[in-house]
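One structure below.
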Amino acid sequence: MTIKDIFQSMDYGTAPESAGDALAWLVDQGDRFGHFIDGAFTEPGDGFESRNPATGEVLALLTQATPADVEAAVSAARRAQPKWARLGGAGRARFLYALARLLQKHARLFAVLETLDNGKPIRESRDIDVPLAARHFYYHAGMAQLMAAELPGREALGVCGQVIPWNFPLLMLAWKVAPAIAMGNTVVLKPAEYTSLTAMLFADICRQAGLPKGVVNIVTGDGHVGEMIVKADVDKVAFTGSTEVGRKIRAATAGSGKALTLELGGKSPYIVFEDADIDSAVEGLVDAIWFNQGQVCCAGSRLIVQEGIAERFHAKLRARMDKLRIGDPLDKSIDVGAIVDPSQLARIQALVDGNTEGEVYRTPCTLPNQGCYYAPTLITGLHPASHLMQEEIFGPVLCATTFRTPGEAVEIANNTRYGLAASVWSENINVALDIAPKLAAGVVWVNGTNMFDAAAGFGGVRESGFGREGGWEGLQAYTRPAGKPKPLKPVMPFKGDTVEPQAVDRTAKLYIGGKQVRPDGGYARAIHNRNGTLIGQAPIANRKDVRNAVEAAQGGRGWAAATAHLRAQILYYIAENLAARKDEFAVTLNRMTGTRSGDKEVDASVDRLFTYAAWADKFDGQVRSVPIRGAALAMREPCGVIGAFCPDDAPLLGLVSVMAPAIAMGNRVVLVASEPFPLAATDFYQVLDTSDLPGGVVNILTGSHADLAPALASHMNVESVWSFSSTDLSAVIEKAAAGNLKRTWVNDGAARDWFGAEGEGRPFLEAATEVKTVWIPYGA
Amino acid sequence: MHSTHSPSQIHLPQTTEPRNPGMALDLDWVMRATANRSAIERRAATLPGRRSVKKDFQAAWLCRAISCIDLTTLAGDDTAGRVGRLCAKARQPVRADLLDALGMGGLTVGAVCVYHDMIAPAVTALEGSGIPVAAVSTGFPAGLSPFHLRVAEIGESVTAGAAEIDIVISRRHVLTGNWQALYDETRAFRAACGEAHVKAILATGELGTLQNVARASLVCMMAGADFIKTSTGKESVNATLPVSLVMIRAIRDYHDATGYRVGYKPAGGISKAKDALNYLALIKEELGDRWLRPDLFRFGASSLLGDIERQLEHHVTGAYSAGWRHAMA
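Same order as they appear, the protein sequences are chains A and B.
To convert, note that position 482 of the first sequence is 482 in full-length UniProt numbering; the numbers rise steadily by one, no gaps.
To convert, note that position 124 of the second sequence is 124 in full-length UniProt numbering; the numbers rise steadily by one, no gaps.
Shown next, in the form of structure tokens:
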């Protein structure tokens, strides 16, 4: 074509980024890679090919890690960890800073290598992935610096096993490695088998930064290697990937005491109200679902448009799709690159081809003859019941439906197993700020999409996983309270057969939905005192009582919307009413436990209620310093329904200590009272009954912890389960929790001093809340 | 009108597109228009990273940019001699040897833009070139002279030979939400132009919000503007990509609703070849290729051409250029 021809056609032509330097780097490494263990690359071994999905060409050979390799990596990390932690935050900050700088110095090499390996457009790897990765190291260099001052009493977990996906290979590495090493942990990281090359380059810059040996170890291989890391002697597992694998990891680590964070799949809603800036909302979808070929866990993949504008919106969207350019990811003018692997392409094709509903529109384009490509696709006229509205496609496929009212928009948006992210488009601040907190998602973007920053937490609710990456909350996942916990001895009920008559027989019941109810099974257990004298009977709850209690708790969701001031008032009122009956409770406690600490326990319980009444309106969210004109709110939201196995050893104080923080934050609870000493709890509901607490907010069961744990922990309508039982339930609960990936907080057989400082405070409040990040860019 | 130019020169609006006749003021539509500044700025900020034009394509695109330039002088010290020099540059915007090397002989700018008193010398200087003369009018740049004088000024300029009239709107009508007044005023200006084309200058730097820009764009198109234009070049903020995005999205909506294509002219502050490429890419992406012609797109610029000339010489020779190697305007 002559210049005159182009002058007429005004085509873009091609603008390829050179792959020369990246390919030369691969050649310099021998086109073969071993693992990076203890500061050095191992000899390449048997393994697999890493291909460029845009061409199918082999880029390099990678080594499949053996059990011995994983063990060597974990040992290296274990050896390095104490010294790395002792180096101190300021010392570690220098290394993180160096890594950030080196990422920037080699930015283009990282970007080109990422695009070659993954197939994402060079624009994205160059302008998004690499800068965000560097930002993560800068941010966490700061966190290392501030750790001693700002996170007193917390220490590193130890060795972290980290398994990351192929969609953002370098960025996910940064999200995992930066906070871990900032806090004094060492890591064994496995990149995805399709995309390990930038991790190898990162290993190279770890050497350039002079990072102490063993702090960062990288082993390559497929899912089997991931399984080995999960099972290895690590203190924490961090995984980003599919919900299916996440569930397996939850089950595999159950009861191991390993800390776990999971960042899993999503089917994020993208809600457009009729008063939105429609052109901007259409453009936003390009970044929501066609960013990285839609291979984004938080992709806005469910378009939910208000009915009145749907037709016009879809027409504009189709016109926009016509302008998308699909092809060579190294071309600087390409919007949609290659799908990462033929197997993923086949999965997308199968899901879309299996759909018979709605109207399918595709960007009219000629796909390259070779390589893995899929045309941007829009399917309108779908419904929540449609398979494609529920299943994560993980490709450039947008599924669309409509809504009538704000309330219906929320219902449709939340009608999903997932809860990772959401977008809300409206020019009306009332609508946008009302809807954002109502969405079941860890991240909400108002009039935007796919905004990320190290200062803002990212992570999901429901089956999108748990834990946050980024921000202060992200550090929870890589630290723990300092000190070695004492083991918790089982607390056994007293046995006996002597009887002493009571003035008037009392019938303890379960407390469900604000009512005293008899147990479904109709059984009760005799409760004896230390001398073996029968002092009463406690109902034995069964799984149906669990079901009823959870249903009542879900019905009490209005509590979450009550003002914090009101929740505080009610907690104070509970304290007041408990104090008024102090003597009676003290007698019961003394009689049940055979101690004389009843007075002290009631006083401590009243005090604890005061503590959480105080906290109710003070455990604030934050505004995060993200690089936009706007606000990123880190909002504290209640988890929802929390099931809790209360401590056996402090029958009243223990129950109050788990109940109060949970309801102070707006949760509803199903409490399973101290198993050996349940009668304080069954008196306590009378206190609740007189304290204006709405029905369903607190539900109390008595019975066998071991029998009730599977039912409560596997219940799909429970968001979180805690256990402080002296029965070792940790494994059972964590395993059963894998079903809906609910959060768990279990004691792993460790004791807690309920009368002391560790019996209250921030850890309880943090467990009782989820941080939702709401991004609100603005501009008049 | 320019009956003398050759039929092959297609950059005159009247030769290809039916003129926008305007329509009744549709206030529902105007008030529905919104513009989310943050989202618009994000689109504008990322566009240069999403589209890249290289080598021969870049050269061709820069030639296209030249063909869309309204080569402008709007200075108090303009003289016939100064305007003559500008017009000579308009005829031969790039050194002949470079144009020959590019295979682009005969390339001219889109128009020459001057104040009223400079129309006559410009028309004389451009005779036979087919290059139209545009005149700024209606009390440019503030637009605060008596209304009847502003209307009369248009008539004078058309009589003097201006084929295009760049009118300025009354910003106060936008700032007070008096859309009817803005519509009526623009209607009157349009009527006064007769066959001459109307470019409505919104002075976006003085409108306060992008939403106002969107609404004013619609009102001016409804009133029959042939072009909407960002700025006089005299405001403290002139053409920007975000403002352009808002205005061309309004043009797109107007075309979708009426079938009429209205042209777009960013003016002021566009001085680099790279900026010109970004603007062309923005137009291509948001409005489509049809708008990449001088009958529907113009750059209001004075120093842009110099940078493009240097880039083109670099394209031809491979060596970076110097300003003094190119004829001054």
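Cβ coordinates follow ideal geometry from the N, Cα and C atoms, glycine included.
From which residue to which residue does the beta strand (DSSP E) around residue i run?
i        : result
B/Cys113 : Ala111 to Val114
A/Trp25  : From DSSP, A/Trp25 is part of no beta strand (DSSP E) but of the alpha helix (DSSP H) over Gly20 to Asp28.
B/Asp166 : Glu164 to Val168
B/His197 : His197 to Ile201
A/Lys236 : Lys236 to Thr240
A/Tyr361 : Glu359 to Arg362
A/Arg302 : Gly300 to Gln306
Would you check if the distance between the CB atom of residue i and the CB atom of residue j is smaller than 9 Å?
i        : j        : result
A/Phe325 : A/Val340 : Contrary to the premise, residue 325 of chain A reads as Arg rather than Phe in this sequence. Cβ distance not < 9 Å, so A/Arg325 and A/Val340 don't count as in contact.
B/Leu126 : B/Cys63  : no
A/Ser714 : A/Ser723 : no
A/Phe273 : A/Trp445 : no
A/Leu708 : A/Val672 : yes
B/Ala65  : B/Tyr279 : yes
A/Tyr39  : A/Lys213 : The residue asked about is misnamed: residue 39 of chain A is Gly in this sequence, not Tyr. The answer is yes: Cβ separation under 9 Å.
A/Ala288 : A/Thr449 : yes
A/Pro342 : A/Pro53  : yes
B/Ala134 : B/Asp70  : yes
A/Pro376 : A/Pro396 : yes
A/Val550 : A/Val670 : yes
A/Ala182 : A/Ala134 : no
Which of the three DSSP states is assigned to residue i in this structure?
i        : result
B/Met328 : coil
A/Ser333 : coil
B/Thr124 : helix
B/Gly263 : strand
A/Met172 : helix
A/Trp615 : helix
A/Arg325 : coil
A/Leu211 : coil
B/Thr4   : Low local confidence applies: a pLDDT of 39 at B/Thr4 is under 50, so the model's placement there is unreliable, with the coordinate-based value given in what follows. Residue state, collapsed to three classes: coil.
B/Thr138 : coil
B/Arg19  : coil
B/Leu71  : strand
A/Val424 : strand
In whole angstroms, give me the CA-to-CA distance for residue i and residue j.
i        : j        : result
A/Pro406 : A/Ile435 : 7 Å
A/Cys160 : A/Pro651 : 36 Å
A/Arg78  : A/Asp277 : 53 Å
B/Gln14  : B/Asp295 : The pLDDT assigned to B/Gln14 is 44, lower than 50, so where the model puts this residue is not dependable; a value taken from the coordinates is nonetheless given after this. Going from the Cα of B/Gln14 to the Cα of B/Asp295 covers about 8 Å.
A/Phe239 : A/Glu263 : 6 Å
B/His2   : B/Asp184 : Since pLDDT at B/His2 reaches only 41, below the 50 mark, its modelled position is unreliable, and the value read off the structure follows with that caveat. Rounded to whole angstroms, B/His2 to B/Asp184 spans 29 Å at the Cα level.
B/Ala44  : A/Ala15  : 20 Å
A/Met172 : A/Tyr138 : 15 Å
A/Ala553 : A/Gly513 : 7 Å
A/Ile776 : A/Ala631 : 5 Å
DSSP beta-bridge partners for residue i?
i        : result
A/Leu510 : A/Val517
A/Ser720 : A/Ile642 and A/Arg743
A/Arg525 : A/Ala538
A/Ala40  : A/Ile37
A/Arg154 : A/Pro481
A/Leu398 : A/Leu378
A/Leu701 : A/Val672
A/Phe458 : A/Glu469
A/Trp775 : A/Trp445 and A/Ala632
B/Ile228 : B/Ala200 and B/Tyr264
A/Lys190 : A/Val163
A/Gln622 : A/Ala634
A/Gly47  : A/Thr63
A/Arg126 : DSSP lists no partner for A/Arg126.
A/Ala259 : A/Lys236
Name the two residues that bound the continuous alpha helix (DSSP H) containing residue i.
i        : result
A/Val230 : Gly223 to Lys231
B/Phe299 : No alpha helix (DSSP H) contains B/Phe299, which is instead part of the beta strand (DSSP E) from Phe299 to Ala301.
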